[in-house]
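Worksheet: one structure, shown below.
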Amino acid sequence: MMTYIVRRAGYTVAVLFGVNLLTFVLFFAVNTPDDQARLQLGRRVTAEAIERWKAEHGYDRPLFFNSAATGAARLTDTVFFNTSRRAMNFDFGRTNEGVNIGEEIRQRVVPSLLIGAQVFVLAIGAAVLLALGLALFRATNLDAVGVALLVAMMSISTLFYIIVGQFVVGRVLQLAPVSGFAPGSRAEAFLVLPIIVLVLSYLGPEARLFRTIFLEELGKDYVRTARAKGLSEWLVMGRHVLRNSLIPIVTSSGTLLPAVITSTIVTETFFAIPGLGNFTIEGITQQDFGIVRAMVFVGSVLYVLSYLIVDLVYTMVDPRIRLH
Amino acid sequence: MKPVLLWTDGVVLALLLALIWYARSVAKTPHLASTWRQAFRRPLGSAAATVLALFAIVGLLDCLHFREALPLAPGEERAWSPETLSALDAVLSHLRANHETTYSRPLALFGYEKQTITLADGRFERNYPRLLHAGTTLTGSGEALQEQWRKDVTRRSLFGLVAGALVLAALTLLAAFWHGLRMHSAAEAPRSALAAAVRAIARGQTSLPVRAVLITLGIVCLTAGPVISLSMQYHVFGTDRIGNDLLYRVLKSIRTALVIGTMTTLVTLPLSVGLGLVAGFVRGWIDEVIQYLYTVINSIPYVLLIAAAILLLIVFIDAHPDAFPTSAQRTDARLFFLCVILGLSSWTDLCRLVRGEVLKLRELDFVQAAQAFGVSDQRIMRVHLLPNVMHVVLINVVIRFSELVLAEATLSYVGVGVDPAMASFGTLINTARLELGRDPVIWWTLASAFAFLFALVLSANYFADAVRDAFDPRAARLGGR
């Protein structure tokens, strides 16, 4: 087990290195520091101003290989090495307005995680319950109507859920604040609406998938045996089918986790919640490469970590899995 | 008139040719033909395909671009209008030209906001302005105008319904002829053969679900009829902030959605299938490298990857204005690159699936036999493995279509989707969001965008289901995803 975790962690670091290299190429090789300086300072600037801007941001060295230096400094005295080393320590420098990006991220991670974690748990829970219900009534009209409804729900853009949710709950019924955020105990009031909206938008695809998983499990021999013993349908479903379906459910939940991270990015801006997603959108609209690059890195860390967690949970749920 | 081939037009037309070629090769391959027939044999699959085909026709019309010649003064050289139009614009010229000044409700005669109007005697008045292009034949005022409006709208709707019903009847007759030709020999009396065909269709006893297709077409005809008839005199879906007809904007959005849904997968196919085949078949360090590559790309949230790439693209287009002389070319280039970027960040799923399938296939006897005969690796991959993973590819392509169409809406909202000037469901929804906050509520932008996007994605989903069930019988037995 231990060696597996170590190996897996090693691979994670390798992947993060790859992510870092890729984003670096995207941000510095395609769009050189000179271009970025011009973007910030305007088109008509002197060569000295550009040099000064590059020096301020530490971009005045070669990108990958410093032929002027000697020894190890040939590789370390470069833009790539320095930005990577700082990124690994979650030090992303400052935004164009001079705000410390790392500090900003530390503050903003709380609301984002609150939304993400609750949406993930609630969406899976609701989908499992719904799918279980449909599987109980399989091959009836109720099941057919239910599946048709799920497909219809899948076909609605998340944006509609958000806009209509804000309009109905926030404006017409006035049950929850339309947007905004307050830290601490009042946070939940602001988070209720985004969480409900996101859970609804995931219900369609997830419940449909889980229903298939249940039906597949229902066709197996042990279910027939359980029924032959005279167990009630509820017991068969609850005790046997549900437990054995957990493995595929955990696997598919793993693929949901990144999706949740992505959609919180969009949702936060709609609800004006000062989370990581909102920060990213700010970076995009202000064309601030520092923010976007930092967020790509942080997002990838979250992704990779979530994959790692799913893998570990997987081994706990299914004792048959031998790790190597 | 000078034809213009935008980049995405070229891709779409190439795609159409490829589709025709594929259809012909399917027709020649009995087992593929029977599997496809299986997909269309389900009523829902056929109905969904019908709706998709209608969307595709609108989208294709919108892909034939041209620039009109400017009126020629004597001795002047021939010049072209800077505006790039499409065949769809030509068909909808009355919708495109009928600008109002600002918002108006669906079918309204008057504007949404009070404006200062100059009266005939030179005095000013704050009131709702009469729309310039709605109900121009109605001359009354006050109550009488309302009465006229009611009558006119009813008359036009009824006319549209009747026209729609006639088209539907013609289609039914056509279908009955076709079915009668297929089912009955020429020796039978033609009248009774036709009647038998109509009966078979009505009872749903045809081999392909003609009835479902006709019902779908019927719904489309009976809604499109009144809409078309009303659109001659009214803004059926209302107008947007700068007075554009919304029906026109929604119809223009279809092309964007279709291009994103199809072109993106087209970009991914060589990468995902090629790399998946090689990784699964050759294995060893190449497999490790490819796996590492897609894990890395998969580890970056795609919205962020796209945001970063689009940001770079905007800077690039700004820096090279002479490469894109017309605004249509600029917006089109952005759409093109959006598809490429979306594709480059999303080939990983299919690649993993193909790799897994090849890992299974390469142990099977026919591959082993081919290897024993000394067939080259390249040839094994092309001749023996590729056709056998095509069903995985196909299922993935149709399932991804609806996801991509929805993704466009989200990306355009975030500001990293298509150019804000381009008509798309994303840009429509984006504006609709702020409009809902106004009082009285402007709901028609959201409603019309929703109706079309929902119809498109829903039919795509149902079609994907039918295709998947036909090509993956195990899923069909379970009747789910």
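Listed in order, the protein sequences are those of chains L and D.
Take the position in the first sequence, starting the count at 1, then add 394; the result is the number in the numbering used here.
Take the position in the second sequence, starting the count at 1, then add 648; the result is the number in the numbering used here.
Note that the Cβ used here is the ideal one computed from N, Cα and C, for glycine as well.
By how many angstroms is the C-alpha of residue j removed from the C-alpha of residue i?
i                  : j                  : result
Leu-743 (chain D)  : Ala-721 (chain D)  : 29 Å
Leu-862 (chain D)  : Phe-885 (chain D)  : 26 Å
Phe-422 (chain L)  : Ala-956 (chain D)  : 12 Å
Ile-934 (chain D)  : Met-1029 (chain D) : 15 Å
Phe-976 (chain D)  : Pro-678 (chain D)  : The sequence as given places Ala at residue 976 (chain D); Phe does not occur at that position. Going from the Cα of Ala-976 (chain D) to the Cα of Pro-678 (chain D) covers about 44 Å.
Gly-1128 (chain D) : Gly-1065 (chain D) : Legend: pLDDT at Gly-1128 (chain D) = 42, less than 50; position of this residue unreliable, no value from coordinates given.
Leu-636 (chain L)  : Met-547 (chain L)  : 24 Å
Val-711 (chain L)  : Leu-755 (chain D)  : 59 Å
Ala-818 (chain D)  : Leu-961 (chain D)  : 50 Å
Phe-772 (chain D)  : Arg-438 (chain L)  : 49 Å
Tyr-670 (chain D)  : Leu-680 (chain D)  : 11 Å
Ala-662 (chain D)  : Thr-916 (chain D)  : 16 Å
Asn-1044 (chain D) : Leu-998 (chain D)  : 7 Å
Leu-856 (chain D)  : Ala-1114 (chain D) : 13 Å
Leu-906 (chain D)  : Ala-666 (chain D)  : 16 Å
Val-695 (chain L)  : Arg-502 (chain L)  : 16 Å
Met-482 (chain L)  : Thr-645 (chain L)  : 29 Å
Leu-702 (chain L)  : Gly-574 (chain L)  : 33 Å
Gly-693 (chain L)  : Ile-948 (chain D)  : 7 Å
Leu-656 (chain L)  : Ala-848 (chain D)  : The amino acid at residue 656 (chain L) is misidentified as Leu; the sequence shows Thr. Thr-656 (chain L) and Ala-848 (chain D): Cα-Cα distance of roughly 51 Å.
Val-539 (chain L)  : Glu-627 (chain L)  : 21 Å
Arg-690 (chain D)  : Phe-554 (chain L)  : 30 Å
Pro-876 (chain D)  : Thr-996 (chain D)  : With the sequence shown as reference, residue 876 (chain D) is identified as Ile, and Pro is not the correct amino acid for it. When rounded, the distance between both Cα atoms is 44 Å.
Among residues of its own chain, excluding the 5 on either side of residue i, which ones have a beta-carbon nearer than 7 Å to its beta-carbon?
i                  : result
Val-1040 (chain D) : Leu-1001, Val-1002 and Glu-1005
Arg-401 (chain L)  : none
Ile-607 (chain L)  : Ser-639, Pro-642 and Ile-643
Gly-404 (chain L)  : none
Ser-993 (chain D)  : Ile-945, Tyr-950, Leu-953 and Ile-954
Leu-457 (chain L)  : Phe-422, Ala-423, Thr-472, Val-473 and Phe-474
Ala-1097 (chain D) : Val-898, Phe-1073, Leu-1076, Ile-1077 and Ala-1080
Ala-653 (chain L)  : none
Under the rule that 16 or more other beta-carbon atoms within 10 Å means buried, what is residue i, buried or exposed?
i                  : result
His-634 (chain L)  : buried
Lys-900 (chain D)  : buried
Glu-662 (chain L)  : buried
Asn-494 (chain L)  : exposed
Glu-1056 (chain D) : buried
Gly-808 (chain D)  : buried
Ala-462 (chain L)  : exposed
Val-562 (chain L)  : exposed
Thr-785 (chain D)  : exposed
What first and last residue would you give for the beta strand (DSSP E) that runs through residue i?
i                 : result
Gln-763 (chain D) : 763-766
Lys-650 (chain D) : 650-652
His-742 (chain D) : Counting along the chain, His-742 (chain D) falls outside any beta strand (DSSP E), though it belongs to the alpha helix (DSSP H) covering 741-745.
His-451 (chain L) : Here His-451 (chain L) belongs to no beta strand (DSSP E); instead the alpha helix (DSSP H) covers 441-451.
Leu-728 (chain D) : According to the sequence as given, residue 728 (chain D) is Trp; it is not Leu. Element bounds for Trp-728 (chain D): 728-734.
Arg-889 (chain D) : Where Arg-889 (chain D) is concerned, there is no enclosing beta strand (DSSP E), given that its DSSP letter is neither H nor E.
Asn-775 (chain D) : 772-775
Excluding the 5 residues preceding and the 5 following residue i in the sequence, name in chain order all residues of the same chain whose CB lies nearer than 6 Å to its CB.
i                  : result
Gln-560 (chain L)  : Val-572
His-718 (chain L)  : Legend: pLDDT at His-718 (chain L) = 47, less than 50; position of this residue unreliable, value from coordinates given subsequently. Closer than 6 Å at the Cβ level, and outside the excluded window around His-718 (chain L), lies no residue.
Ser-1072 (chain D) : Ser-901, Thr-904, Ser-1060 and Val-1066
Phe-703 (chain D)  : Ile-902 and Leu-1104
Arg-1048 (chain D) : Thr-913
Arg-804 (chain D)  : Ser-877 and Leu-878
Val-660 (chain D)  : Cys-711
Would you mind reading off the limits of the alpha helix (DSSP H) that contains residue i?
i                  : result
Ala-717 (chain D)  : No alpha helix (DSSP H) holds Ala-717 (chain D); the beta strand (DSSP E) holding it covers 713-717.
Glu-491 (chain L)  : Neither: Glu-491 (chain L) is in no alpha helix (DSSP H) and is coded neither H nor E.
Arg-605 (chain L)  : 581-612
Asn-1078 (chain D) : 1073-1083
Val-539 (chain L)  : 535-548
Val-868 (chain D)  : 858-879
Met-396 (chain L)  : 396-418
Tyr-1110 (chain D) : 1092-1119
Cβ closer than 9 Å: which chain B residues qualify as neighbours of residue i?
i                 : result
Tyr-950 (chain D) : As a matter of chain content, chain B is missing from the structure shown, whose protein chains are L and D.
What residues in its chain sit with their C-beta under 8 Å from that of residue i, if we drop five residues either side in the sequence?
i                 : result
Glu-795 (chain D) : Gly-788
Ile-589 (chain L) : Ile-509, Gln-512, Val-513 and Leu-516
Cβ-heavy atom distance between residue i and the ligand HEM below 6 Å?
i                 : result
Tyr-896 (chain D) : The ligand HEM is not among the ligands present in this structure, which contains no ligands whatsoever.
> Which whole runs of the alpha helix (DSSP H) in the region 672-719 of chain D are 4 residues long or more, in chain order?
Replying inline: 678-689 and 691-709
> At which residue ranges does the region 926-955 of chain D contain complete alpha helix (DSSP H) runs of 4 or more residues, listed in the order of the chain?
Replying inline: 932-946
> Which full runs of the alpha helix (DSSP H) of 4+ residues lie inside the region 608-682 of chain L, going along the chain?
Replying inline: 615-622, 636-664 and 670-679
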